[in-house]
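See below for the structure under consideration.
2 protein chains.
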Amino acid sequence: MTVVETDQTQQPGSDTADEPSATVPVVEFDTHPDRYRHWKLEVDGDLATVTLSVDEDGGLAEGYALKMNSYDLGVDIELYDAVQRLRFEHPEVKAVVMTGGLEKMFCAGANIRMLAQSSHAWKVNFCKFTNETRNTIEDARESSGQTWIAALNGTAAGGGYELALACDEIVLIDDGSSTVSLPEVPLLGVLPGTGGLTRVVDKRHVRKDRADLFATKSEGYRGETAVDWGLIDATVARKSWDEDIAGRARKAADASQRRDGAGIELTPLDRQEDGDTITYPYVVATLDREGKRVNITVSGPEGAPPTDADAVQTQGVDWYPFAVTRALDDLILRLRTNEQELGTWVIRTEGETDKVLGYDDQLSELADYWFVHETTEYFKRTAKRLDVTSRSLVAVIEPGSCFAGFLAELALACDRQYMLEGAYVDVDPDADPAVLVLTESNDGRFPMGNGLSRLESRFWGHDDDLDAARKRKGERLDAAAADKVGLVTMALDDIDFEEEIRIVLEERASLSPDALTGMEANHRFVGPESMETKIFGRLTAWQNWIFIRPNASGPDGALRRYGSGQRGSYDYHRV
Amino acid sequence: MTVVETDQTQQPGSDTADEPSATVPVVEFDTHPDRYRHWKLEVDGDLATVTLSVDEDGGLAEGYALKMNSYDLGVDIELYDAVQRLRFEHPEVKAVVMTGGLEKMFCAGANIRMLAQSSHAWKVNFCKFTNETRNTIEDARESSGQTWIAALNGTAAGGGYELALACDEIVLIDDGSSTVSLPEVPLLGVLPGTGGLTRVVDKRHVRKDRADLFATKSEGYRGETAVDWGLIDATVARKSWDEDIAGRARKAADASQRRDGAGIELTPLDRQEDGDTITYPYVVATLDREGKRVNITVSGPEGAPPTDADAVQTQGVDWYPFAVTRALDDLILRLRTNEQELGTWVIRTEGETDKVLGYDDQLSELADYWFVHETTEYFKRTAKRLDVTSRSLVAVIEPGSCFAGFLAELALACDRQYMLEGAYVDVDPDADPAVLVLTESNDGRFPMGNGLSRLESRFWGHDDDLDAARKRKGERLDAAAADKVGLVTMALDDIDFEEEIRIVLEERASLSPDALTGMEANHRFVGPESMETKIFGRLTAWQNWIFIRPNASGPDGALRRYGSGQRGSYDYHRV
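So the sequence lines, in the order shown, correspond to chains P and B.
Heads up: the first sequence at position 204 corresponds to 204 in this note's numbering, and the numbers run straight through without jumps.
Heads up: the second sequence at position 522 corresponds to 522 in this note's numbering, and the numbers run straight through without jumps.
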């Protein structure tokens, strides 16, 4: 992970009169195990170990030391990198042990001084990214046959325990003192920020009154009580520790059905920045600061897909579906973190529909091939990032676009879809009108957090419309057809189109960013809820609220006072 | 509804430096149709009409006029009264038409000036109560065979449209101008506060991109578009209006299977207040301001239940299950609204277990009798109020208590349950130890908002424990047995009990009220989500967050500036 030291620093804004406003540098998400300052990634056959040994002086910003294996965004960027490499560079790894490099303390959670000096937006975005990484870890067993085991060789407090909660098994050392705990409520006056409360009751099935005791007892629990309540799976003495953990990893790896193969090296991402333009392979983003938006254009593939699995493997990171996903992933993370004032993302595609469909077919044909499978899962996770992104998402579908199959998912993930009927007469009256093509990619390959496909979500409560849309899969739907099927918000001819888009984007840019964020979060997930949507929807919203309350973040709030020797001063009115 | 003009006014507290702090009088929830200032309730055979004609000068507090049928808490208190009377005084009513008494404007929603001058806690509590009343309306058809029809004879904006959304059918007059709208996002920078966003997509099944258009277009929609999108069920011209609405009401009433009978008059509630003690039939609450808590004691019935349905009917409001539910309902509402600093409610019972079980049996035996059925539903709703109450709930189970059947639900609704093993040796060493008795009342009669019984919620993810608990129904479980079954948090003997309770309550009173509110909201609902839990959990949390953001409630926020001719001044950073 690199911090670019430039003049272009973020101005996190002052949310309240007393909002902390530490300046944070532009954040990049690129890193490599050779450059890790906080994690160690070791691979040994079908097993891997990730070890947390935080460099106290390696914080992303000034003003805090990452003591006791506490973390900031920079630590989590390395973890995400390791998680990705274990998916792509090491398809042979079937079990991962997560442990700590300190004595007595596995991880103290998110660094409190970092939180105390951060703006509200920074805290919320930090929690979102860490949540996504935890979800990626959690999804490893089901989607990639890779089991994660938390080997807690010391206390796991707060975000440290939440890291463990994302793993499939939690083992705590029985050393007479190490505990698991969620001390946020009693010590900081906030909630655990990375799914802790939800995973305790909904994943670990801890009874609610015990969850209440646990989340209000700052010192946490250990031993048989922690096992009985379900907070951990086992407590193991130091003398049998190594053997026990190794045995669990061995057993998990032996039970794995992970698709194996030779790994794909994640070479450095080819990203070019020139003023307000960011260019990746297949993705270009133009930052329109005046319009408070980003214009994102995704290019289709240049040719037909490689002929077979071996050829796909040879292309590696350059294989189109992987390359475009990786570019989108990086772009989403960068824009979210570094460009908070650009509230609308306008998404376009350009390229040949048939070529996209060629690759879309390949996702299906080679679905069992490990790299194709992992790329499919990667695209799933990246599209989910869009679903929880606090930006208005608008798809613009014009002649020359290629919203087909997995690229059509980008349109369906948007809050609105605008499609031009016919051609721009002044530009190219003979251009082929835009089409939109649905495939299995829109109806099951990339489920949303609520477990539904984007097509199912779109037509929730309208089974007939869903059936009708499903019958049109594979067809090249022009604007009139797409409108009739219900895939676009508006289909307009070129006399109205540009004016409408202009008005829509200007209007959007004038609205309250907070109200839009809440509205979009509520509209994007209909129907069933899952643990994931609970974490991003319900828990996150509560946490956002609590984060900004004076009891936490005011000058006398618990979060700001932590470490000063003074407890938070609370206004005790319940809300 | 009465506003008591005393010196004991609320001090809503200053949540932020610039928090509005209008003084609001102590609020009472008692009213009667004869005293309504804002609603008219008319019953004609099996049909009823509730008509909104808000008295502009009838606001609960100073500083705003309730123009254009806008409402405040006082207006909603009357609506809740009408809803209750239609359940209990008018079991013959099978369809209810909700309409307005103004021309062109059905209801403009919550009064903006009222919101702008209210404290954060007041706004949130107001939204909670209105949400509960909407849910009670929404539940009328399924639970009581009573269909509600929104006959919108003018524009329904914001909360006005949310009132309509709670009804089973929505008919909008086709007068060339009247619309339905949710102008909160574009005009006020907040979300609709009463379930609007959720009901639009999850109940009315409006497609998400259309929901986005709708919720950002302040003038709203009308005509065929509104029907096509599902925002309303029909648009009807003025000349056929009366006939159409009457026809719909007739049809709904004819299709109803509502259990009929002679109504029970809801005579004034017998509530006595003496200093910090509030006494109802069967319920006493003592306000401990120093300890920041309320001690609530529910008394069991004095004798055996009346012999049959006729005898139940004769007892009417004095029939124990009804009387105790009504007292609890009123107490919950009063404490929430008027006593925000009392953050913990300690719930005890006293009485004879057998007598409670006698009534519990009667709930089962006479389940088909209309009044017993309606009382059961009323208890269900009241227990649900506890589930969404932002107070820590602690059950204390001691000798002389009667936590059995439906009264045991109160213990299960609590965040923690403490049970004394044996007797208080110093007080009455020969006292019978406390017991806890489960019945069907804990396992299906009173489902929570998530659709689960409180027993199912408690043992979510532990089917064996659930089965084991179910096998113990009807048994008198002492502390050891209740602990083993998993019904109590702790069973302690009297040497430790009082000290433990003291520590627990003192500790609780010291924690951040915001963090506790968020934690409790997340622990109380495990497993599946419903529209109701989405509204109270996800949507409410987002709304709370947005309400307190400077973009809405700061001095230059949209909510505060509304009506001044100036738009809100936004910090455009996305969070």
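Each residue gets a CB set at the ideal place from its N, CA and C atoms; glycine is no exception.
Expressed to the nearest angstrom, what Euclidean distance is found between the alpha-carbon atoms of L115 (chain B) and A150 (chain B)? As a position in the second sequence, residue 115 (chain B) is number 115, starting the count at 1. As a position in the second sequence, residue 150 (chain B) is number 150, starting the count at 1. Whole-angstrom Cα-Cα distance: 25 Å.
For R416 (chain B), return the contacting residues in chain P, with the cut-off set at a CB-CB distance below 8 Å. Translated into positions along the second sequence, residue 416 (chain B) becomes position 416. By Cβ distance, chain P contributes D209, D212 and L213.
Contact set between the segment 164-183 of chain P and chain B, restricted to residues whose Cβ is under 7 Å from the partner: none
Beta carbons nearer than 9 Å to chain B: which residues of the segment 545-568 of chain P have them? W545, I546, F547, I548, R549, P550, N551, A552, G554, G557, A558, R567 and G568
For P429 (chain P) and chain B, any beta-carbon pair shorter than 7 Å? Along the first sequence, read from residue 1 onward, the residue named residue 429 (chain P) stands at position 429. Not closer than 7 Å to any Cβ of chain B, the Cβ of P429 (chain P) fails to qualify, so no.
Anything in chain P within Cβ reach of K292 (chain B), meaning under 7 Å, just list it in chain order. Translated into positions along the second sequence, residue 292 (chain B) becomes position 292. Per Cβ cutoff of 7 Å: Y572.
Taking the alpha-carbon of V96 (chain P) as reference, which of P:L102, P:D44 and P:S70 has the nearest alpha-carbon? For the purposes of this step, residue 96 (chain P) is taken as residue 96 along the first sequence, with counting starting at 1. When each option's Cα is compared against that of V96 (chain P), the closest is P:D44.
Use the C-beta contact count for G527 (chain B): other C-beta atoms within 10 angstroms, 16 or more gives buried, fewer gives exposed. Counting from 1 along the second sequence, the entry for residue 527 (chain B) is found at position 527. Buried, because 16 or more other Cβ atoms sit within 10 Å of the Cβ of G527 (chain B).
Contacts that L197 (chain P) makes with chain B (C-beta to C-beta distance below 9 Å): Working through the first sequence from its first residue, we reach residue 197 (chain P) at position 197. Here the neighbours are G518, M519, N522 and H523.
In angstroms with no decimal places, state the Cα-to-Cα distance between V396 (chain B) and D361 (chain B). Position 396 of the second sequence, counting from 1, holds the residue named residue 396 (chain B). Position 361 of the second sequence, counting from 1, holds the residue named residue 361 (chain B). Between V396 (chain B) and D361 (chain B), the C-alpha separation is close to 24 Å.
Which stretch, first to last residue, makes up the beta strand (DSSP E) that contains A234 (chain B)? Working through the second sequence from its first residue, we reach residue 234 (chain B) at position 234. Looking at the DSSP string, the run of the beta strand (DSSP E) that includes A234 (chain B) is A234 to A237.
Amino acids of chain P, ordered along the chain, whose beta-carbon sits closer than 8 Å to that of P513 (chain B): Position 513 of the second sequence, counting from 1, holds the residue named residue 513 (chain B). Here the neighbours are N551, Y570, D571, Y572, H573, R574 and V575.
Opposite R348 (chain P) in the DSSP bridges: which residues? For the purposes of this step, residue 348 (chain P) is taken as residue 348 along the first sequence, with counting starting at 1. The partner list for R348 (chain P) (beta bridge, DSSP) reads P:T297.
For a test of the three-state rule: what should DSSP assign to K40 (chain P), helix, strand or coil? One-based indexing of the first sequence puts residue 40 (chain P) at position 40. Three-state result, K40 (chain P): strand.
Every unbroken alpha helix (DSSP H) within the segment 100-168 of chain B, with a cutoff of 4 residues, ordered by chain: 112-117, 120-138, 140-144 and 159-165
Using the Cβ count rule (16 or more neighbours within 10 Å means buried), how would you classify H38 (chain B)? To locate residue 38 (chain B), count along the second sequence from 1; it is residue 38. The residue is buried, with at least 16 neighbouring Cβ atoms inside 10 Å.
Same chain, Cβ closer than 6 Å to R483 (chain B), five either side skipped, listed in chain order: The sequence position of residue 483 (chain B) within the second sequence is 483, counting from 1. Arg is not the amino acid found at residue 483 (chain B); the sequence shown has Asp there. A491, listed in sequence order.
So W241 (chain P) contacts chain B; which residues on that side make the cut at Cβ distance below 7 Å? Locating residue 241 (chain P) in the first sequence gives position 241, where the first residue counts as 1. Correct list: empty, because the minimum Cβ distance to chain B is about 28 Å.
Along the segment 116-149 of chain P, where does the CB come closer than 7 Å to a CB of chain B? Name the residues. H120, A121 and V124
Is the separation between the beta-carbon of G189 (chain B) and that of N551 (chain B) shorter than 7 Å? Translated into the one-based positions of the second sequence, residue 189 (chain B) becomes position 189. Translated into the one-based positions of the second sequence, residue 551 (chain B) becomes position 551. Contact flag set, yes.
Segment contact flag, the segment 378-398 of chain P with the segment 458-476 of chain P, C-beta cutoff 8 Å, min 3 pairs: no
Can you give me the C-alpha to C-alpha distance between E302 (chain B) and K355 (chain B), rounded to a whole angstrom? Taking the first residue of the second sequence as 1, we reach residue 302 (chain B) at position 302. Taking the first residue of the second sequence as 1, we reach residue 355 (chain B) at position 355. In a straight line, the C-alpha of E302 (chain B) is about 7 Å away from that of K355 (chain B).
Residue span of the alpha helix (DSSP H) that contains L357 (chain P), given as start and end: Residue 357 (chain P) sits at position 357 when you count from the first residue of the first sequence. Per DSSP, L357 (chain P) belongs to the alpha helix (DSSP H) from T353 to E365.
As assigned by DSSP and simplified to three states, the class of I278 (chain P): Taking the first sequence and counting its residues from 1, one reaches residue 278 (chain P) at position 278. Strand at I278 (chain P).
Expressed to the nearest angstrom, what Euclidean distance is found between the alpha-carbon atoms of R113 (chain B) and G74 (chain B)? Taking the second sequence and counting its residues from 1, the one referred to as residue 113 (chain B) is at position 113. Taking the second sequence and counting its residues from 1, the one referred to as residue 74 (chain B) is at position 74. The straight-line gap from Cα to Cα measures roughly 15 Å.
Helix, strand or coil at Q340 (chain P) according to DSSP, with G and I counted as helix: Mapped onto the first sequence, residue 340 (chain P) falls at position 340. Looking at Q340 (chain P) - three-state DSSP - the assignment turns out to be coil, as it is neither helix nor strand.
Can you give the beta carbon distance from T51 (chain B) to K40 (chain B), rounded, assuming they're within the 8 Å contact cut? By one-based count along the second sequence, residue 51 (chain B) stands at place 51. By one-based count along the second sequence, residue 40 (chain B) stands at place 40. Right, their Cβ atoms sit about 4 Å apart.
Might you give, ordered along the chain, the residues of its own chain that have their beta carbon closer than 6 Å to the beta carbon of D465 (chain P), omitting 5 neighbours on each side? For the purposes of this step, residue 465 (chain P) is taken as residue 465 along the first sequence, with counting starting at 1. Only F459 and G486 meet the Cβ criterion.
Under the rule that 16 or more other beta-carbon atoms within 10 Å means buried, what is A48 (chain B), buried or exposed? Here residue 48 (chain B) corresponds to residue number 48 of the second sequence, with the count starting at 1. Per the 10 Å Cβ criterion, buried.
Residue nearest to S553 (chain B) in terms of C-alpha spacing, selected from B:T439, B:Y570, B:A541 and B:L539: Indexing the second sequence from 1 puts residue 553 (chain B) at position 553. Checked all of B:T439, B:Y570, B:A541 and B:L539; the closest Cα to S553 (chain B) is B:Y570.
Exposed or buried, what is T267 (chain B) when buried is set at 16 or more other beta-carbons lying within 10 Å of its beta-carbon? Position 267 of the second sequence, counted from the start, is the residue given in the question as residue 267 (chain B). When all chains shown are included, T267 (chain B) counts as exposed.
What residues from chain B crowd round D202 (chain P), counting only those whose CB sits closer than 9 Å? Position 202 of the first sequence, counting from 1, holds the residue named residue 202 (chain P). Correct list: W460, G461, V526 and G527.
Shortest alpha-carbon distance to W345 (chain P) belongs to which of P:G63, P:W148, P:F379 and P:V504? Position 345 of the first sequence, counted from the start, is the residue given in the question as residue 345 (chain P). Nearest C-alpha to W345 (chain P): P:V504.
Neighbour list for S218 (chain B) in chain P, Cβ cutoff strictly below 7 Å: Translated into positions along the second sequence, residue 218 (chain B) becomes position 218. Within 7 Å Cβ-Cβ: nothing; S218 (chain B) doesn't reach chain P, min ~10 Å.
For the alpha helix (DSSP H) that S453 (chain P) lies in, which residues bound it at each end? Locating residue 453 (chain P) in the first sequence gives position 453, counting from the first residue. It is not in any alpha helix (DSSP H) - S453 (chain P) carries neither H nor E in the DSSP assignment.
As assigned by DSSP and simplified to three states, the class of A515 (chain P): As a first step, residue 515 (chain P) is located in the first sequence; it is residue number 515 there, counting from the start. In the structure shown, A515 (chain P) sits in a helix (DSSP, three-state: H, G or I).
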